[in-house]
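Novice: Sharing a structure below in structure tokens format, with a few things to ask.
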Amino acid sequence: MFLVDARITGKRLVARDMYVITMHAPPIASTVLPGQFVNIGWSPGPMLRRPFSVYRVDGERIEIVLKAVGVGTAQLLSMTQGDRVSCLGPLGHGFEFGAGPRSAVLVSGGLGVASMTLAARQAASLGIRVTWVHGARTKEDLCSESDGDDLIWATDDGSKGVKGTAVAAAPDADLVLACGPNRMLAAVAARWPEAQVAVETYMGCGTGVCLGCAVPLKRGGYDRACREGPVYRASDIDWATLPSHLSYAATP
Amino acid sequence: MFLVDARITGKRLVARDMYVITMHAPPIASTVLPGQFVNIGWSPGPMLRRPFSVYRVDGERIEIVLKAVGVGTAQLLSMTQGDRVSCLGPLGHGFEFGAGPRSAVLVSGGLGVASMTLAARQAASLGIRVTWVHGARTKEDLCSESDGDDLIWATDDGSKGVKGTAVAAAPDADLVLACGPNRMLAAVAARWPEAQVAVETYMGCGTGVCLGCAVPLKRGGYDRACREGPVYRASDIDWATLPSHLSYAATP
Amino acid sequence: MSVDVGALTLRGPILAASGTFGYGTEVPLLERRALGGMVSKGIFLRPRSGTPPPRIVETPSGMLNAIGLQGPGVEALIRDYAPKWAEWDFPVFVNINGESAAEYAELTARLDGVPGVAGFEINISCPNVEQGGLYFGNDPRAAAAVTDAVRKRTRLPVWVKLTPMVSDIGVIARAVEAAGADALCAINTFVGMSIDLNVYQPRLSFRTGGLSGPAIRPLAVHLAHQAARAVRIPVIGIGGIATAEDALEFLVAGCTAVQVGTATFVNPRAIAEVHDGIAAFLGARGLSSPADLPRYLPRD
Amino acid sequence: MSVDVGALTLRGPILAASGTFGYGTEVPLLERRALGGMVSKGIFLRPRSGTPPPRIVETPSGMLNAIGLQGPGVEALIRDYAPKWAEWDFPVFVNINGESAAEYAELTARLDGVPGVAGFEINISCPNVEQGGLYFGNDPRAAAAVTDAVRKRTRLPVWVKLTPMVSDIGVIARAVEAAGADALCAINTFVGMSIDLNVYQPRLSFRTGGLSGPAIRPLAVHLAHQAARAVRIPVIGIGGIATAEDALEFLVAGCTAVQVGTATFVNPRAIAEVHDGIAAFLGARGLSSPADLPRYLPRD
Ligand SMILES: Cc1cc2nc3c(=O)[nH]c(=O)nc-3n(C[C@H](O)[C@H](O)[C@H](O)COP(=O)(O)OP(=O)(O)OC[C@H]3O[C@@H](n4cnc5c(N)ncnc54)[C@H](O)[C@@H]3O)c2cc1C
Ligand SMILES: Cc1cc2nc3c(=O)[nH]c(=O)nc-3n(C[C@H](O)[C@H](O)[C@H](O)COP(=O)(O)OP(=O)(O)OC[C@H]3O[C@@H](n4cnc5c(N)ncnc54)[C@H](O)[C@@H]3O)c2cc1C
Ligand SMILES: Cc1cc2nc3c(=O)[nH]c(=O)nc-3n(C[C@H](O)[C@H](O)[C@H](O)COP(=O)(O)O)c2cc1C
Ligand SMILES: Cc1cc2nc3c(=O)[nH]c(=O)nc-3n(C[C@H](O)[C@H](O)[C@H](O)COP(=O)(O)O)c2cc1C
Ligand code: FES
Ligand code: FES
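Protein chains in written order, with the numbering used here: chain L, 274 to 525; chain Z, 274 to 525; chain U, 22 to 321; chain Y, 22 to 321.
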């Protein structure tokens, strides 16, 4: 875990209102694993840091993807090259690729692409064939960037790719990784209990000390999304108790 | 009084660490009188607005002069062209030029130049001969801009102009106007009881409703710096009760 | 947008809070149409000059104030301000203060029937001089005694403004309800202190001050909610409201109306923006009045 | 930079606050040299799973939390954490919680003498189940009874952590001092609420939560100061400390040491920065220890 005073180096549009922000954070760039996140703070800004998955790594830079959903994300998006943020990470426990899967399907809803790119690249480097299913409300909300061998689009209104949800559009595979609104992940859990899903919770610290990021478990009790998670085996989570209205993405 | 969403149009250095910020605020530019101030807020920023004298008017723009003395002024100085602030003004009761003075002496300490330029120009336009005495701790702290017919510099260390205070260096005149740290103004009051001085207080609202900006009066009770002030007849103020440690300028 | 606070109908759910709006004569930028009513700066029987400066200090998302109830006294208020209020199209409540129940009663008797005075907001966050300076607002009996004393002197609406620094606000709320209050205002400022490290002394000359602003909002929502759960009379929510969403939190938590204070220092148009924002929120959800909002108000 | 809290000498005036530092095992970036000590997450006799999410909400300059004292219970604490604490070079206090004085006593008896346990911080902001859920911390007798019950079971330092939602903190402070507390910790979080307008319900699943962070600092300085004026034992200031200046306000206001909580979420290095900032402040003024700071502490 590093605390980096990171310079913002760029910003690009990847879907309607959805941007990738690039920042210079060498020790995080060189150690982050797929599914991990960073906790970002700045001043003046909100009191608490804001967690974001690491979307891509580019040399000494990391990238995050976001939309303005509230005051913090709006401020982040209004920053310009050269502005600085305090970047804490890498945090959390990411995706696991186990021994010898031959195929992987990545299911992402809306901003859920955030933790998929690193996963796709890691899978490819392990010789796994990757199918990435991108879901969004409509064509304009689909992220224009992707990785993997095969690509499937799904939109609620059928304006691009399959009409319907990403979960419905996805084929089966040895390994299923998913990220998106918690409600989408519940659907993933219903179809693939063994899938690995990256969940969202409110976070206080991001480092395991506050117990604010409780993820309710099927076996009872709570885990910390920022330490044991954010990636879980889908069937381990008590989906009925995990709040669904924290979702930051547009598609169900 | 106007509430203007003002665009910052420029910034220039006028003394060590001392800047003039220019902003586009047409209705304020066209109505402000010497000695009046604006109350500026921005987001994200401190909760309360920050009061600043209007230093100069340039067409539809107003100018303020400041140093970074705390979090608010530091944030203001880090803004760049195109950034926006909320500018409330003009506020307060400024300098009066009465009937027929022939000479005026303007005494400013450090950032006290802030309310002097407009006064110098107004006096000149009324045919009054203006002597401006600029005081500061040392040469580098003297504002490089000034108006008026005669100019006297005073520095604590004698590095430029007269060695000593601006008050000591100033000649007499029909009209004495002064702005600077409250302690300097107390010295003005001792020498020229009839002088007009622009004082400083903490301010809550700037518009007369909170009674936070109390100025203690010799005759008892309190006035509001934001309405009846910030300009007072020097002898009206109970200098012993007016806090002196609010001073924002470097010279005594 | 009209709401009923007991027998009184306000044209909108937002009032200007005491001490943040003077006597209503100094707020040129506010569109008055948005005002459901206003509460005057706190008044005592006799003129008071208030505390020496510094009187205010900024704190994170808030401010401390120690104005010391500077004011002209009741006679000057009746002479200089009430005649103006009588011409306005929204009600003006007078925030009344005293050092004994008798002083509150005398103030009420003097103001009752004066044209322009629509009702009373009793500030019980005052030290009770007869009881060694304990605050009326901390003691259910003293709070009830003051309420009763005022109630007996007027038929106008009597609101009681609760102090937040109590261990159970419901007890005080019920006591003043029983003593005849028409509505409760929750809450007044919290006592706070800030130290100037240059002089190793409090920054405020009065040493302590009242904390207001967004910092206290979550506490105020809780206390207003607790008060609303404890009584049947309406509760007016106060504390850190700056946006329509903030006001709506109080309304959903069981309040009938709200007051906005500190936010008007930051944004002179705050009350109009809160008003229009509530109207838009209701409109978007097909609700025709603030009273139609779903409430979160389990009864004890 | 060492300070004496009663008979105990801490190597520095800053401790990590309960519930914001876990069991001290998870804070990789903090330079531990800056820690005068730490207080563990609040513990009950038996394991507790805590409240369902959402457990935290951000508020202006603060946050509400409702963790529900999730924890492993005292046996697991003794097994898993105390052995590590025994090896550390700063003292670890255990924040103890119960539903009755007997539960606090039992917890103390179980922990007393366990290597690694340097002392007790009694959290009296717990509902007293035997008295219908009233908080121990709101009632001087209940607070004293809990203190007394703990005091009788241990010779280790006993600190009592005061709750802020009382009308006179001095009364509680004196009561627990008389019952044998070695020091007071002031203060715990304030109760607050935040409403989710999408569902017309509180945002926290527990409905209310404790407010912490800079928002409460002026209130905390005042309450810690009031506690310090009321007693002769040391007071440890807590609430919204994020910088050295913030900590110095508490010290000047009469505190002997401070605890830092929420700020460490924002800045994992906060405690080291506060420590170094205090040292720099003292150095610049030729003061050799925090105890040499001029105090603003008029006695009642
Ligand atoms: C492990 C993790 C990874 C994440 N990765 C990404 C990502 O890659 N891209 C992205 O756009 N978003 C991501 N999020 C969500 C992101 O953190 C929130 O959208 C952001 O914190 C909102 O801040 P705000 O100030 O704009 O919103 P606020 O004004 O605080 O609130 C707006 C809404 O955002 C949600 N929200 C607020 N705070 C949080 C929080 N701390 N955690 C989760 N939801 C919150 C709530 O639904 C709230 O109603 C991630 C969250 C987690 C926990
Ligand atoms: C009528 C008036 C006109 C002013 N004109 C100018 C000007 O033209 N140029 C200029 O540089 N400054 C001016 N000031 C002072 C300026 O408002 C303060 O320096 C500024 O508010 C400090 O804000 P901050 O956030 O940087 O400081 P803070 O972090 O808030 O505090 C730093 C120090 O600044 C002082 N200060 C803080 N707030 C205020 C306040 N509201 N009023 C006065 N002092 C304060 C205190 O001494 C404090 O210790 C004026 C003040 C008034 C009342
Ligand atoms: C400068 C100032 C003066 C105040 N004066 C009074 C007063 O005279 N009487 C009173 O009952 N409340 C007074 N208050 C309290 C406010 O009416 C209100 O209860 C409090 O500020 C919380 O609301 P806010 O956060 O919206 O400001 C005052 C508040 C401020 C900031
Ligand atoms: C997430 C969280 C958990 C907490 N848990 C406890 C606890 O278990 N026991 C306790 O006495 N105080 C607990 N507190 C209160 C803190 O110890 C501290 O008193 C309070 O947060 C104020 O300090 P701060 O503003 O520096 O955070 C907790 C606070 C937070 C934010
Ligand atoms: S966010 Fe604090 S423990 Fe996970
Ligand atoms: S600053 Fe509010 S009355 Fe002057």
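From the three backbone atoms N, C-alpha and C, an ideal C-beta is built for every residue, glycine too.
Every value quoted in this text rests on a predicted model; they were computed, and no experiment measured them.
What are the partner residues of glutamate 336(Z), as DSSP defines its beta bridges?
Specialist: Per DSSP, Thr295(Z) and Arg329(Z).
Novice: Note down the Cα distance separating isoleucine 262(U) from serine 82(Y), rounded to an integer number of angstroms.
Specialist: For isoleucine 262(U) and serine 82(Y), the distance between alpha carbons rounds to 15 Å.
Novice: To the nearest angstrom, report how far apart alanine 393(L) and glutamate 336(L) are at their CA atoms.
Specialist: Rounded to whole angstroms, alanine 393(L) to glutamate 336(L) spans 15 Å at the Cα level.
Novice: Work out the CA separation of leucine 490(L) and threonine 346(L) for me, nearest whole Å.
Specialist: Distance between the alpha carbons of threonine 346(L) and leucine 490(L) is about 29 Å.
Novice: On the DSSP letters alone, give me the boundaries of the beta strand (DSSP E) that glycine 283(Z) sits inside.
Specialist: Per DSSP, glycine 283(Z) belongs to the beta strand (DSSP E) from 275–288.
Novice: Are the CB atoms of proline 246(L) and serine 388(L) nearer to each other than 9 Å?
Specialist: Residue coverage of chain L in this structure runs from 274 to 525, which leaves residue 246(L) outside it and unanswerable.
Novice: In this structure, does DSSP put methionine 457(Z) in helix, strand or coil?
Specialist: In the structure shown, methionine 457(Z) sits in a helix (DSSP, three-state: H, G or I).
Novice: Let me check understanding here. Comparing Cα to Cα, which of Lys412(L), Arg492(L) and Cys360(L) lies closest to histidine 297(L)?
Specialist: Out of Lys412(L), Arg492(L) and Cys360(L), Cys360(L) has the C-alpha closest to the C-alpha of histidine 297(L).
Novice: Tell me, please, whether the segment 128–137 of chain Y touches the segment 104–111 of chain Y by the rule of three or more beta-carbon pairs shorter than 8 Å.
Specialist: Yes, since at least three Cβ pairs between the segment 128–137 of chain Y and the segment 104–111 of chain Y fall closer than 8 Å, the two stretches touch.
Novice: Mapping the DSSP letters down to three states, classify tryptophan 512(L) as helix, strand or coil.
Specialist: It is coil, neither helix nor strand.
Novice: Using C-beta distances below 6 Å, list every residue in its chain close to methionine 527(L), excluding the 5 sequence neighbours before and after it, in chain order.
Specialist: Because residue 527(L) is not part of the residues shown, which for chain L are 274 to 525, the question remains open.
Novice: What residues in the segment 53–85 of chain U have a beta carbon less than 9 Å from any beta carbon of chain Z?
Specialist: Hits within the stretch, in order: Lys62, Pro68, Ser70, Gly71, Thr72, Pro73, Pro74, Pro75, Arg76, Ile77, Val78, Glu79, Thr80, Pro81, Ser82, Gly83 and Met84.
Novice: Just to confirm before moving on: does the CB-CB distance between alanine 251(Y) and isoleucine 190(Y) stay below 9 Å?
Specialist: Against a cut-off of 9 Å, the Cβ pair of isoleucine 190(Y) and alanine 251(Y) comes out as a contact.
Novice: Going by beta carbon distance, what residues of the same chain come within less than 7 Å of aspartate 124(Y), once the five residues before and after it are set aside?
Specialist: It is worth fixing the name first, because residue 124(Y) is glutamate in this sequence and not aspartate. The answer, listed in chain order, is Leu66.
Novice: If the cut is a Cβ gap below 7 Å, which residues of chain Y does glycine 153(U) touch?
Specialist: Per Cβ cutoff of 7 Å: no residues; glycine 153(U) is ~12 Å from chain Y at best.
Novice: Along the segment 342–368 of chain Z, what residues have a CB closer than 7 Å to any CB found in chain L?
Specialist: The segment 342–368 of chain Z vs chain L, Cβ under 7 Å: Gln348.
Novice: Only counting the same chain, and skipping five residues up and downstream in sequence, which positions put a Cβ closer than 6 Å to that of leucine 29(U)?
Specialist: Hits under 6 Å: Pro178.
Novice: So that I know if they touch, is there some Cβ in chain L lying closer than 9 Å to that of aspartate 229(Y)?
Specialist: Reading off the sequence shown, one finds threonine at residue 229(Y), where the question assumed aspartate. Chain L contact via Cβ: absent.
Novice: Residues in its own chain within less than 6 Å of serine 326(Z) by CB, not counting five upstream and five downstream?
Specialist: So the list reads Phe310, Ala387 and Ser388, once near-sequence residues are dropped.
Novice: Aspartate 356(Z) to leucine 379(L), Cα distance in whole Å?
Specialist: Cα to Cα, the separation comes out at about 41 Å.
Novice: Using CA atoms only, rank isn't needed, just tell me which of Val295(U), Arg290(U), Val287(U) and Arg316(U) is closest to valine 273(U).
Specialist: Selected option, being the one with the closest Cα: Arg316(U).
Novice: Any beta carbon from chain Y within less than 9 Å of histidine 296(U)'s own beta carbon?
Specialist: Cβ-Cβ to chain Y under 9 Å: no for histidine 296(U).
Novice: I need the DSSP call for tyrosine 156(Y), collapsed to helix, strand or coil.
Specialist: In this structure, tyrosine 156(Y) counts as strand in the three-state DSSP scheme.
Novice: My output table needs one value for proline 235(U): the three-state DSSP class, helix, strand or coil.
Specialist: Three-state result, proline 235(U): helix.
Novice: Ligand 2 heavy atoms versus the CB of serine 61(U): any closer than 8 Å?
Specialist: Answer for serine 61(U): no, Cβ out of range of ligand 2.
Novice: Helix, strand or coil for tyrosine 521(Z)? Go by DSSP, reduced to three states.
Specialist: Because the pLDDT at tyrosine 521(Z) is just 41, under 50, the model does not fix this residue reliably, and the point stays unresolved.
Novice: Are the CB atoms of alanine 165(U) and alanine 196(U) within a distance shorter than 9 Å?
Specialist: A contact, by the Cβ cut-off of 9 Å.
Novice: Using the beta-carbon count (16 or more within 10 Å), is glutamate 413(L) buried or exposed?
Specialist: Burial call: exposed.
Novice: Check the C-beta distance from phenylalanine 114(Y) over to glutamate 142(Y) and give it rounded, since I have them as a contact under 8 Å.
Specialist: Right, the Cβ-Cβ distance comes to about 5 Å (below 8 Å), so this counts as a contact.
Novice: Which residue wins for smallest C-alpha separation from alanine 322(Y), given the options Leu155(Y), Val279(Y), Leu318(Y) and Arg224(Y)?
Specialist: This structure leaves residue 322(Y) out entirely; chain Y is present only between 22 and 321.
Novice: So if I threshold CB-CB distances at 7 Å, which residues from the segment 306–318 of chain L count as touching chain Z?
Specialist: Of all residues in the segment 306–318 of chain L, Pro317 and Gly318 have a Cβ within less than 7 Å of some Cβ in chain Z.
Novice: Rounded to a whole number of angstroms, what is the C-alpha to C-alpha distance between glycine 400(L) and arginine 375(L)?
Specialist: About 7 Å.
Novice: If we count the other Cβ atoms within 10 Å of its Cβ and call it buried at 16 or more, is leucine 244(U) buried or exposed?
Specialist: Per the 10 Å Cβ criterion, buried.
Novice: Can you give the beta carbon distance from valine 33(U) to histidine 296(U), rounded, assuming they're within the 8 Å contact cut?
Specialist: The amino acid occupying residue 33(U) in the given sequence is glycine; valine does not appear at that position. Confirmed, about 6 Å.
Novice: Alpha carbon to alpha carbon, how far is tyrosine 221(Y) from threonine 438(L)?
Specialist: Their backbone Cα atoms lie some 29 Å apart in a straight line.
Novice: In the DSSP assignment, the beta strand (DSSP E) including tyrosine 495(Z) goes from what residue to what residue?
Specialist: Note, tyrosine 495(Z): beta strand (DSSP E), 495–497.
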